[in-house]
Every structure is written in structure tokens, then in C-alpha cells.
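If you read the sequence shown in my numbering, its first letter stands for residue 3, the second for the next number, and so on.
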Amino acid sequence: MIRPQWVCRHCLSRLRTASSLPRPVVAQTILRRQSHASAKSGDDEDLYLAESLLKRAQQLASEHHALETQLLEDFDTKKAARAGNLRPVTEALKEYESAVEVQV
3 MIRPQWVCRH CLSRLRTASS LPRPVVAQTI LRRQSHASAK SGDDEDLYLA ESLLKRAQQL
63 ASEHHALETQ LLEDFDTKKA ARAGNLRPVT EALKEYESAV EVQV
């Protein structure tokens, strides 16, 4: 199994409180909670994101698109800052979708 690169704060706090447990039991708990594959599992399960992450990224990308069209009409610094924060998510989603299309 691949070790998780990122562990949420909840799981880390459970690790700290479970210091009396043997190490393999703690590692199994983390690996059981980690879920990164979507319904498209198979040989390439590491390629696909979880559906919830994909939906959230799509929502943020649509918000970015709406902000960009609003900024073309009327400039607002708060909207520009939000659009700037959402730009990396939109670009990453485009790269992900193009990578998935190439693999399929």
C-alpha cells in the first residue's frame, strides 16, 4: 500500500491520542480512512479524483468563470482577489480533465 502524503487534522489528533496502540494498528486506521479513488476504479485508480473533490473543483471553476465575466463589465478589487485565488484551481481542473481524456 502507498503511504498517505497528506493526513487530515482529525486523523493526526487521533494518532497523538492513540500513542498506546501498536504502530501497525495506527497505520491501518489511517489507510482505512484514506479514500482517493472514484467510482472509476480499476488498474488506473490513482488517476481519478474522488467525486466530491471533482464536484467542488467544478463549482469553484464555475465561480471563477462568473467572476471573470463580471470583472470584464465592472472592476472590483474583492472580486479580482477572489478570482485570483480561484485561478490555480481552475487551471488544475483543466489539466486534470485533459489528462483523463488522454487516458480514456
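Where a beta carbon is used, it is the ideal one built from N, C-alpha and C, also for glycine.
### Task
Identify the continuous alpha helix (DSSP H) that holds Ala85 and give its terminal residues.
For Ala85, the enclosing alpha helix (DSSP H) stretches over residues Thr79 to Gln105.
### Query
When burial is assigned at 16 or more other CB atoms within 10 Å of the CB, is Leu55 buried or exposed?
A residue is called buried once 16 or more other Cβ atoms fall within 10 Å of its Cβ, and Leu55, having fewer, is exposed.
#### Entry: Beta-carbon gap between Leu62 and Val91 smaller than 8 Å
Yes; because the gap between Cβ atoms is below 8 Å, this pair is in contact.
### Message
According to DSSP, is Ala52 part of a helix, a strand, or is it coil?
### Response
The answer is coil: DSSP assigns Ala52 none of H, G, I, E or B.
### Task
Kindly list the residues whose CB is nearer than 7 Å to the CB of Ala85, restricted to its own chain and excluding five residues on each side of it in sequence; keep chain order.
Within the same chain, Ala85 has close Cβ partners His66, Leu69, Glu70 and Leu73.
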